[in-house]
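In UniProt numbering, the protein residues as written are 1 to 540.
Ideal Cβ positions, reconstructed from N, Cα and C, are used throughout, including at glycine.
Note that the structure is predicted; figures quoted are calculated from it, not measured.
The structure appears right after this line, and notes come after that.
Below, the structure is given as structure tokens:
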């Protein structure tokens with residue numbers, strides 16, 4: 001596999017001559033269920049559609065097989081995984097496949113995973129959210145060295161409670177010339193994300209606008225999509241020029257292009273999610289894209305994320321018009337993911353109904369929630385009780401002796417005072433203003449203490465802390481359970497085989513098979529149910 005765009009090599013259709021007996025056998029096979037299933041499983045093979053004399057039954061053979069006494073109805077070219085999405089996406093990002101290994105916070109989308117994605121011909125995004133700037137910079141430098149000219153990117157998460165962290169991340173991304181940035185969790189445009197899109201804009205000899213970096217926007221609401229599909233607001237651009245963050249030339253060019261040229265529609269995903277239906281939300285955003293294109297004259301590519309754990313789901317997203325697909329939860333079980341073997345084992349055993357919603361560490365006070373694994377971990381139950389205590393009380397002093405005992409025994413596993421001192425040291429390094437506020441605001445102090453558990457629960461899962469297994473916070477959606485069911489009994493069921501590239505290739509190959517099966521069905525062929533089932537296999 002290759003990291004640069006190239007046309008697939010078509011299967012030769014006249015590679016050898018067939019005897020009349022072979023041709024007759026294949027024509028007979030063309031009308032059998034087994035024959036159709038075999039042909040569907042070879043989506044790259046161009047096929048000849050036939051009608052049988054007498055009863056008019058429909059079938060198909062490779063184009064190398066003559067129609068014989070059958071009526072030829074037409075020819076279907078091969079279907080390639082590379083061509084399922086928008087060819088412009090492949091060219092813009094210099095990838096072979098319209099597929100993205102999405103960012104998973106705290107470095108779960110690790111450097112190794114992003115490098116493996118690049119080597120496999122897809123785009124990988126490093127999960128920078130939740131990491132301190134030093135670790136993000138180390139990852140960026142490593143990716144620059146290891147990926148070379150291959151495409152890669154980094155996540156930029158909106159941080160309303162820590163605006164300086166967002167600003168610092170953008171500074172880092174620009175300083176190290178990160179080629180692709182994926183903006184997520186934004187409910188409004190901020191100066192840092194606009195700067196990320198505008199800095200480095202220039203024109204080519206033909207007068208077209210050239211971007212210094214590609215910007216993705218992950219959205220789950222139409223109003224957010226509209227902002228990123230529009231040029232940046234003049235007020236924000238003026239502020240950035242006045243502060244010396246961008247030039248007046250860059251600001252002028254930013255007014256003529258959308259903030260993001262790739263908008264990812266995120267539906268029922270693991271982690272932060274609005275639990276939206278992909279079929280409803282994707283269609284809505286595609287319709288909005290068409291409206292914005294007519295208004296501004298610039299086309300924005302729309303991708304699909306959330307709920308994509310099987311070839312059928314991937315094929316459906318492409319059939320609806322997705323330019324590319326983004327996977328998340330399923331990659332947490334990949335060899336290269338930044339999770340412990342113990343955590344991967346729990347995720348690999350999940351079914352579609354073994355996920356639930358739980359309070360989130362970031363925006364905890366606002367009631368933000370994440371979708372997590374419910375089987376094999378008590379995190380969701382304990383996190384929910386913490387949030388209920390936060391809502392009902394104004395400070396730790398109001399907690400009942402029973403609640404304090406539960407908090408110290410089951411959650412913190414240490415006295416409240418000891419954990420608070422650790423929490424205070426952390427915030428003194430990261431954002432001293434939080435400590436200053438906690439000194440006069442008992443409810444905020446309680447929130448920071450509770451967030452200690454929510455934050456540590458992810459670290460325990462990443463590091464595989466054995467005595468905290470029951471507290472692992474593992475982001476997952478129903479698609480992970482569907483993925484586990486799909487790979488069961490196949491080579492991908494083995495953890496050592498589950499690489500990011502094999503996951504991507506099998507999902508895409510399977511999507512091509514499902515697309516071919518549906519194509520046969522729409523041509524009137526009696527396609528059996530088995531034709532829609534693709535069994536994972538080692539792919540190169």
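Query                                                                                                                                                                 : Result
Is residue 377 buried or exposed, if buried means 16 or more other CB atoms sit within 10 Å of its CB?                                                                : buried
For the ligand ATP, is there a heavy atom less than 7 Å away from the beta-carbon of residue 427?                                                                     : The model depicted lacks the ligand ATP and carries no ligand whatsoever.
By DSSP's criteria, residue 157 is part of a beta bridge. Which residues make up the other side?                                                                      : 184
Exposed or buried, which one is residue 243 when buried takes at least 16 other CB atoms within 10 Å?                                                                 : exposed
Looking only at its chain, what residues have a beta carbon closer than 7 Å to the beta carbon of residue 178, apart from the 5 residues adjacent to it on each side? : 140, 153, 154 and 213
Among the residues of its own chain, which have a CB less than 6 Å from the CB of residue 396, if the five just before and after it don't count?                      : 446
Flag this pair as yes or no: are the beta carbons of residue 354 and residue 339 separated by less than 8 Å?                                                          : no
So the candidates are 440, 221 and 191; which of them puts its Cα closest to the Cα of residue 281?                                                                   : 221
Taking all protein chains shown into account, decide if residue 34 is buried (16 or more other Cβ within 10 angstroms of its Cβ) or exposed.                          : exposed
Counting only the same chain and skipping the five closest in sequence on each side, list residues whose C-beta sits under 6 Å from that of residue 200.              : 212
Quick one: Cα of residue 83 to Cα of residue 303, how far?                                                                                                            : 14 Å
Taking DSSP's pairing of strands, which residues face residue 357 in a bridge?                                                                                        : 371
Quick check on residue 21: does DSSP put it in helix, strand or coil?                                                                                                 : Legend: pLDDT at residue 21 = 46, less than 50; position of this residue unreliable, value from coordinates given subsequently. DSSP places residue 21 in helix when its eight states are reduced to three.
Thinking just about the alpha-carbon of each residue, which of 451, 45 and 224 is nearest to the one in residue 363?                                                  : 451
Apply the 10 Å Cβ neighbour rule to residue 210 and answer buried if 16 or more other Cβ atoms are within range, or exposed otherwise.                                : exposed
Tell me, please, which residues DSSP counts as bridged to residue 215.                                                                                                : 181
Does the count of Cβ pairs from the stretch 261-279 and the stretch 231-251 closer than 8 Å reach three?                                                              : no
Near residue 420, what residues of its chain come up, given a Cβ to Cβ distance below 6 Å and the 5 sequence neighbours on each side ignored?                         : 449
Measuring alpha carbon to alpha carbon, tell me which residue in 229, 50 and 198 is nearest residue 250.                                                              : 198
Exposed or buried, residue 187, counting other C-beta atoms within 10 Å across all chains shown (16 or more means buried)?                                            : exposed
Between the alpha carbons of residue 469 and residue 509, how many angstroms are there, rounded?                                                                      : 35 Å
Thinking C-beta only, is residue 36 closer than 8 Å to residue 527?                                                                                                   : yes
Are the CB atoms of residue 189 and residue 291 within a distance shorter than 8 Å?                                                                                   : no
Is residue 108 closer than 8 Å to residue 462 when the C-beta atoms are compared?                                                                                     : yes
Using beta-carbon positions only, say whether residue 157 and residue 117 come within less than 8 Å of one another.                                                   : no
Tell me the residue span of the beta strand (DSSP E) that contains residue 101.                                                                                       : 99-101
How is residue 406 classed by DSSP in three states: helix, strand or coil?                                                                                            : helix
Per DSSP, residue 391 forms a beta bridge with which residues?                                                                                                        : Beta-bridge pairing links residue 391 to no other residue.
On the premise that residue 315 lies in contact with residue 514, defined as a C-beta separation below 8 Å, what is that separation, rounded to the nearest angstrom? : 4 Å
Could you check the C-alpha separation between residue 105 and residue 95 for me, to the nearest Å?                                                                   : 23 Å
Based on Cα-Cα distance, which residue from 132, 172 and 494 lies nearest to residue 544?                                                                             : Lying before the first or after the last residue shown, residue 544 is absent from the chain, which here runs from 1 to 540.
Once DSSP output is grouped into helix, strand and coil, what is the label at residue 204?                                                                            : coil
Provide the residue(s) that pair with residue 304 in DSSP beta bridges, ordered along the chain.                                                                      : 265 and 325
If we ignore side chains and look at the alpha-carbon of each, how far apart do residue 143 and residue 114 end up?                                                   : 8 Å
Starting from residue 235, trace the alpha helix (DSSP H) in both directions and tell me its first and last residue.                                                  : 234-242
Do you know how far the Cα of residue 135 is from the Cα of residue 112?                                                                                              : 14 Å
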